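**Q**
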Amino acid sequence: FLRGRSGERQTLGHMGAGEIVYALVARGSTVFVEHTRSTGNFQQVTRTILDKFESSADGQHSYTYDSFLFHISVDQGLIFLAMTTVDFERRIAFAFLDDVRESFLSKYAHLMATAVAYEMNRTFAEELERKIDFYTNNPQADKLRRVQGEVVEVKQVMVDNIEKILDRGDKIELLVDKAEDLSEQATKFKKSGSELKAKMWWSQFKLQLIICSGIGLLLLVIVLSATKCFGQC
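Okay, so the sequence shown: first residue is 56 according to our numbering, each after it adds one.
(1) Should M175 be labelled buried (16 or more other beta-carbon atoms within 10 Å of its own) or exposed?
(2) Please report the straight-line C-alpha distance between L273 and I266, rounded to a whole angstrom.
(3) What does a CB cutoff of less than 6 Å around L79 pick up in its chain, not counting 5 residues either side in sequence?
(4) Roughly how many angstroms separate the alpha carbons of G59 and T94, rounded to a whole number?
(5) Say whether the region 146 to 159 touches the region 173 to 187, bearing in mind that this needs 3 or more beta-carbon pairs closer than 8 Å, one atom from each stretch.
(6) Start and end of the alpha helix (DSSP H) containing Y120?
(7) On the three-state DSSP scale, how would you describe T169?
(8) DSSP state of E89, grouped into three classes?
(9) Considering N176, what are the terminal residues of the alpha helix (DSSP H) in which it resides?
(10) Within 10 Å of its beta-carbon, does K186 have 16 or more other beta-carbons around it, so buried, or fewer, so exposed?
Structure representation (structure tokens):
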């Protein structure tokens, strides 16, 4: 479900084009880097999946969870996960994960033995954001992977229900707030901040004007007093 502009939750069928909602790199339940432009409880849900997921064998997996898909690629015990809407092409989702894996390992493979939770969030989250945006919005993403001969073959990757790895008691309703709502809130906050800044500037200007006027009046009095005294002396 998604929260629409009116505040009511909507089903994913009303969203339109598919998208990558959330992505992360982890080892077991230890997340090294993650990124999303939405809010909701999907991070909690993902942690539950990571706790239950068996990452001892390399491979690719897809799981349905309510109206979302969790795509997982495992390489040397590292988990590369992308949560997408159901209408997002699985082929592109795994191409995205391959791209993330190549970039991540080229930078941090030598740190994996000692890395701690969120150690790469500061240095890799922006790159993860760019890749999410590229594979979600750029129509050249799929074409580029085809030209490079790196099209991911997903026909053999079965889409299983999430209950294959989660007990029924572990499964909770998955909620995601649309990124547009966050943008609206950010715009309103920015506008309010600008108005507050303008009011503060005007108040400060009036205060400085009063102080300068007072100093000018004081100087005038001193000058007049000195002139009068000089004329009488």
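Where is the CB? At the ideal position from N, CA and C, for every residue including glycine. Owing to the predicted nature of the structure, the values given are computational and were not obtained by experimental measurement.
**A** From the atom records:
(1) For this step, residue 175 is matched to residue 120 along the sequence shown. Buried: at least 16 other Cβ atoms inside 10 Å.
(2) Taking the sequence shown and counting its residues from 1, one reaches residue 273 at position 218. Taking the sequence shown and counting its residues from 1, one reaches residue 266 at position 211. Answer to the nearest angstrom: the Cα atoms are 11 Å apart.
(3) Start at 1 with the first residue of the sequence shown, and residue 79 comes out as number 24. Cβ within range, chain order: V86, E89, L136.
(4) Taking the first residue of the sequence shown as 1, we reach residue 59 at position 4. Taking the first residue of the sequence shown as 1, we reach residue 94 at position 39. Only weak support exists for where G59 lies, its pLDDT of 35 falling under 50; the value from the coordinates is given anyway. For G59 and T94, the distance between alpha carbons rounds to 13 Å.
(5) yes
(6) Taking the sequence shown and counting its residues from 1, the one referred to as residue 120 is at position 65. Unbroken run through Y120 is the beta strand (DSSP E), 114 to 120; no alpha helix (DSSP H).
(7) Within the sequence shown, the letter at position 114 stands for residue 169. The answer is coil: DSSP assigns T169 none of H, G, I, E or B.
(8) As a position in the sequence shown, residue 89 is number 34, starting the count at 1. Three-state DSSP puts E89 in a strand.
(9) Locating residue 176 in the sequence shown gives position 121, where the first residue counts as 1. For N176, the enclosing alpha helix (DSSP H) has its first and last residue at 176 to 192.
(10) Position 131 of the sequence shown, counting from 1, holds the residue named residue 186. Burial call: buried.
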